[in-house]
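K.L.:
Before anything else, here's the structure in question.
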Amino acid sequence: MTVTGGTPAAIWLTGGDGHVPLVISREAARREAELELSKPAYHQHDPNLLQQAIHHFLDWLGDLLDAASGAAPGGHLGVIVIAVVVLALLAALWWRLGTPRRTAATAAGGALFDNAPRSAADHRTTAETHAEAERWSEAVQEQMRAIVRALEERALLDPRPGRTAAEAAADAGRPLPAHAKRLRAAAWDFDSVTYGRHEADQRTYLRLRDLDAELRRTRPSIERPAETTAAGSPPA
0 MTVTGGTPAA
10 IWLTGGDGHV
20 PLVISREAAR
30 REAELELSKP
40 AYHQHDPNLL
50 QQAIHHFLDW
60 LGDLLDAASG
70 AAPGGHLGVI
80 VIAVVVLALL
90 AALWWRLGTP
100 RRTAATAAGG
110 ALFDNAPRSA
120 ADHRTTAETH
130 AEAERWSEAV
140 QEQMRAIVRA
150 LEERALLDPR
160 PGRTAAEAAA
170 DAGRPLPAHA
180 KRLRAAAWDF
190 DSVTYGRHEA
200 DQRTYLRLRD
210 LDAELRRTRP
220 SIERPAETTA
230 AGSPPA
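In numbering that gives the first Met the number 0, the protein residues as written are 0 to 235.
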């Protein structure tokens, strides 16, 4: 008779000297059993570390759900209802706030122009097209770009890649102090629509369109305004 691994049972029982001990202590038996069971032949089909980790996780998750079902009204059905409600709330927040894409760099407004350079007239035409289709948010964006591009074309602003709407409004307020407040308001509308995920309306678009028309008739001032508002701050 042999045990797994080819070790004769007699040798295991006699300790190798051929004599069977009349009394085997509990400690000696435990050591011999541990030695025998530690052999690789007994562990060929043991789960690997990943399988063990998954098994422990599933056990933990099962215990957690059992505990929750015991505390929640309706047992497991109550847990499912609570989970559905939580997911619905998260989905509502995601839809309301949008993808969390704003970084520290765009918190005060990202770059105003995101495509190849176009003229102020091109931006105005695009804004009018959006307005005719009642896409007011897009119309506001293009109208603000038309305002800034027109100021660049008049040399009232130096063309600067990466300039934000708030920066453009602050810079344009120096040669156009009478319109500084409205320029800041227009920049605030642009940032709210573009980065705050707010919806614009017809009034907002018409306000920017009227500002654009007035600026085209306005001559710049050589005097520096007494006060300026920090770029990115809401209009007073």
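For glycine and all other residues, C-beta sits at the position ideal for the given N, C-alpha and C. Source: prediction; values computed, not measured.
(1) Quick check: what's the CA-CA separation for D58 versus I79?
(2) From the DSSP output, in three-state form, read off T163 for me.
(3) Using 8 Å as the Cβ pair cut-off and three pairs as the minimum, do the region 150-157 and the region 125-140 touch?
(4) Quick check on the burial criterion: 16 or more other C-beta atoms within 10 angstroms. Buried or exposed for T128?
(5) Does the beta-carbon distance from A126 to A145 come in below 9 Å?
(6) Does at least one heavy atom of the ligand PLP sit under 8 Å from the Cβ of A184?
(7) When the distance is taken between beta carbons, is L182 closer than 9 Å to G172?
(8) Buried or exposed: A169, going by 16 or more other Cβ atoms within 10 Å of its Cβ?
(9) Indicate whether A186 and A199 have their beta-carbon atoms separated by less than 9 Å.
(10) From the DSSP output, in three-state form, read off P7 for me.
(11) Between which two residues does the alpha helix (DSSP H) carrying T217 extend?
(12) Does DSSP classify H122 as helix, strand or coil?
(13) Look at the alpha carbon of W135 and the alpha carbon of V83, and state the distance between them as a whole number of angstroms.
(14) Specify, as a first and last residue, the run of the alpha helix (DSSP H) that F189 falls within.
(15) Let me confirm a value: R202 is counted as buried when at least 16 other C-beta atoms fall within 10 Å, else exposed. Which label applies?
(16) Alpha carbon to alpha carbon, what distance is there between D121 and R208?
(17) Between D188 and the rest of its own chain, which residues show a CB-CB distance below 8 Å, the 5 nearest in sequence each way excluded?
(18) Helix, strand or coil for L89? Go by DSSP, reduced to three states.
(19) Whole angstroms are fine: how far does the CA of Q51 sit from the CA of A103?
(20) Quick check on A179: buried or exposed, where buried means 16 or more other Cβ atoms within 10 Å of its Cβ?
P.N.:
Working from what's here:
(1) 19 Å
(2) strand
(3) no
(4) exposed
(5) yes
(6) Ligands are entirely absent from the displayed structure, and the ligand PLP is therefore not among its contents.
(7) yes
(8) buried
(9) no
(10) Annotation note: pLDDT 49 at P7 (below 50); position unreliable, no value reported.
(11) It is not in any alpha helix (DSSP H) - T217 carries neither H nor E in the DSSP assignment.
(12) helix
(13) 35 Å
(14) 179-193
(15) exposed
(16) 14 Å
(17) V139, M143, A199, T203, R206, L207
(18) helix
(19) Summary for A103: the model assigns pLDDT 36, below 50, so the residue's position carries little reliability, and this model does not support an answer.
(20) buried
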